[in-house]
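A.B. asks: Residue numbers are given in my numbering: position 151 of the sequence shown equals residue 151, and the series is strictly consecutive. Below: one structure in structure tokens.
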Amino acid sequence: MMPKKIYSVNFCLTAIAFILLTLYSFSQIDLNLTLSGYLYYQKFQNMMIGLGYYRRPLSAAIYLILLVLIFLTYLKWLKLIRKYKISRNQLKWLLLIIVLAGIFSYPAFSHDIFNYLFDARIVTKYHLNPYVYSALDFPRDLWTRFMHWTHRTYPYGPVWLAATIPFSFIGFQKFVLTLLSFKFLFVLIYSGNLFLIGKITASPEKGLNMGNMLYFGLNPLVIIESLVRNT
Numbered sequence: 001m002m003p004k005k006i007y008s009v010n011f012c013l014t015a016i017a018f019i020l021l022t023l024y025s026f027s028q029i030d031l032n033l034t035l036s037g038y039l040y041y042q043k044f045q046n047m048m049i050g051l052g053y054y055r056r057p058l059s060a061a062i063y064l065i066l067l068v069l070i071f072l073t074y075l076k077w078l079k080l081i082r083k084y085k086i087s088r089n090q091l092k093w094l095l096l097i098i099v100l101a102g103i104f105s106y107p108a109f110s111h112d113i114f115n116y117l118f119d120a121r122i123v124t125k126y127h128l129n130p131y132v133y134s135a136l137d138f139p140r141d142l143w144t145r146f147m148h149w150t151h152r153t154y155p156y157g158p159v160w161l162a163a164t165i166p167f168s169f170i171g172f173q174k175f176v177l178t179l180l181s182f183k184f185l186f187v188l189i190y191s192g193n194l195f196l197i198g199k200i201t202a203s204p205e206k207g208l209n210m211g212n213m214l215y216f217g218l219n220p221l222v223i224i225e226s227l228v229r230n231t
């Protein structure tokens, strides 16, 4: 079992790294998008926009430092699990902080999730076929202001469309609520992959393979692409 002190130190470092990444993600918020009119949030958003759009060398340096920090914590965990076994409870808390960071982060460097939202919205609000209609067909819809590729019709298979429609209903056509519900969908996919990896590599004596789940679950590329960028 991994000693409590060693686990706690590395848990705190990992938590700090991902909290900072969550905060930094708002430096990439679309200029046409406001998530809240709350005064203190507005001050925060304006500050982060100033960093991301008008101080790009500094922004790039901060992002590079964050990536290095996240990769170093990941490598440290890989080193630790070769020496100590990580318990299910320890892994659970570690993954929880990562999932929370992913849910509350802005989908930086990608507009894919906004297309997913609107494709499902065509079905749930307008009751039309996204394989026939594109976002460009709804010029008065405010959600199109911060979308890219508005001219294209639905490019994915029907399974993904069917998976996203319930989460569009959950959002009640409210943008922030719908965005959070779609982020939760990505959390479910991430969690499902973790569970399958644990089951596939499990042994009858030891059950789920916590080490292999950590290998996947803490991989910076997996986290950034699936939980932060939501691509």
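Cβ coordinates follow ideal geometry from the N, Cα and C atoms, glycine included. It should be emphasised that the depicted structure is a prediction, and the values quoted were computed from it without experimental measurement.
1) Who are Ser36's beta bridge partners in DSSP?
2) Output the boundary residues of the alpha helix (DSSP H) element that contains Asp112.
3) Can you have a look at Arg121 and say buried or exposed, based on whether 16 or more other CB atoms are within 10 angstroms of its CB?
4) Per DSSP, what kind of secondary structure is Ser226 in: helix, strand or coil?
5) Report, in whole angstroms, the separation of the C-beta atoms of Asn193 and Asp112, which I expect to be a contact under 8 Å.
6) Could you check what DSSP says for Ser203 in three-state terms: helix, strand or coil?
7) Answer yes if the stretch 151 to 158 comes into contact with the stretch 116 to 132, meaning at least three C-beta pairs across the two stretches below 8 Å, and no otherwise.
8) Between the stretch 95 to 113 and the stretch 11 to 31, are three or more C-beta pairs nearer than 8 Å?
9) Determine the direct distance from the alpha carbon of Gly217 to that of Leu95, and round the result to whole angstroms.
C.D. replies: Answer, in terms of the structure:
1) Looking at the DSSP output, Ser36 shares a beta bridge with no other residue.
2) 112 to 124
3) buried
4) Correct three-state label for Ser226: helix.
5) Not confirmed; about 18 Å, so no contact.
6) In the three-state reduction of the DSSP assignment, Ser203 falls in the strand class.
7) yes
8) yes
9) About 7 Å.
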